[in-house]
Amino acid sequence: MTLRPARRQSGFTALEAVIAVSILGILMAVGVPRMSGWLAATKAAGAGQFYVEGFTLARTQALAHNSHSRLVFIDNPGGQPDWRVDICFRATGNACDDASNDWSTATAAATG
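Numbering (the working numbering), first residue to last: 5 to 116.
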C-alpha cells in the first residue's frame, strides 16, 4: 500500500487573517491623519487657484474688449461659491459703475 502525499491547502489561517487586519489597522491609524492634512492643503491651494482664474479671466476680457470688467462673486444653484465676469459696454457715455446698466455678463465661471 502506498501513501498518497497530502494535498496542499490554500487560503489563510485565522491567525494570518488577524495579523493582516492588525497591520492594516495600524497603517490606517498612521495614514488617515496625514491624509486629512494633505486634503486641507489641497483645498487651500484650490481656493487660491479659483480666485486667480477669476481675476485672470476678468483681466483678459477687459483687454479683449478694450473696456472695464468686474469679477462678481455669487453662489451657484448648489450653494457653492462661484464667480462671473461682467464687461461694461458703455452705450450711454456714463462711467462704468455699479449703478449703470451697461454691464453685460461675458462669462459664467467655473464652479469652485
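Virtual Cβ for every residue (Gly too), placed ideally from N, Cα, C.
Inter-residue Cα distance where the pair is residue i and residue j
i    : j   : result
A113 : F59 : Confidence is the limiting factor: at A113 the pLDDT is only 48, short of 50, which leaves the residue's position unreliable, though a coordinate-based value still follows. Using only the alpha carbons, I get a separation of about 11 Å.
C92  : A68 : 12 Å
A49  : V25 : 35 Å
G116 : P81 : Here the model assigns G116 a pLDDT of 40, short of 50, so the residue's position is not dependable, and the following value carries that caveat. One C-alpha to the other measures close to 12 Å.
A66  : P37 : 44 Å
G15  : V22 : 13 Å
M39  : I27 : 18 Å
D101 : S71 : 12 Å
R11  : A33 : 39 Å
T46  : Q13 : 47 Å
T18  : L43 : Here residue 18 turns out to be Ala, not Thr, going by the sequence shown. Going from the Cα of A18 to the Cα of L43 covers about 36 Å.
F77  : I30 : 44 Å
Delimiting residues of the alpha helix (DSSP H) encompassing residue i
i   : result
F54 : 18 to 69
Enclosing beta strand (DSSP E) for residue i [first to last residue]
i   : result
C92 : 85 to 92
L75 : 72 to 79
Those residues which DSSP pairs with residue i across a bridge
i    : result
S108 : I91
Cβ-based neighbour list, residue i, same chain, cut-off 6 Å, excluding 5 preceding and 5 following
i    : result
W107 : D90, C92
E20  : none
Option nearest residue i by Cα separation, candidates the options
i   : options            : result
R88 : A62, S71, D101     : A62
F54 : L75, G41, G35, L43 : L75
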